[in-house]
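In full-length UniProt numbering, the protein residues as written are 1 to 92.
Below is one structure; the comments refer to it alone.
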Amino acid sequence: MTEWKDFKKNVTTISKDELTIIDTLSHLQAERINQGLTQRELAEKIGMKQPQLAKIERMESTPSLATLNRYAHGLGLEIHMQIVPKTDLTKH
């Protein structure tokens, strides 16, 4: 079975920003499963309906940063962002 980390190496039609969201969400979903929480249990914990959470996990709805934070907090996690200088890849 192909894992996301292997599959994403060949993805060229998704923007870097969207890949960041997908990476974050896939990590959170894996952690939900590792913690043994169902979608319904996590949804109740974070004040969301299970179908809404399922839609986010299937990437039928792009979650906002606030929604990703709710998801993370429900798992006892935090999302940290960093601002760093942009790397100019054309100079290499």
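Heads up, the beta-carbon is just placed ideally off N, CA and C, and yes, glycines get one too.
Predicted model only: the values in this text are computed from it and were never measured.
Shown here for Thr62: same chain residues with a beta carbon closer than 7 Å to its own, the five before and five after excluded, namely Ile21 in chain order.
By a beta-carbon distance limit of 8 Å, Leu53 contacts Gln39. Their separation comes to about 5 Å.
Nearest Cα to Asp23 within the set Met48, Glu57, Ala43 and Arg70: Glu57. Straight-line measurement puts the Cα of Glu18 at about 18 Å from the Cα of Tyr71. About 7 Å separates the CB atoms of Leu75 and Leu28; that is less than 8 Å, so the two are in contact. Look at Gly74 here: in three-state DSSP terms it is helix. Between Gln50 and Ala43, the CB-CB gap stays under 8 Å. Leaving aside the five residues that flank Lys55 on each side, the residues in its chain whose CB is nearer than 6 Å to its CB run, in chain order, Ser61.
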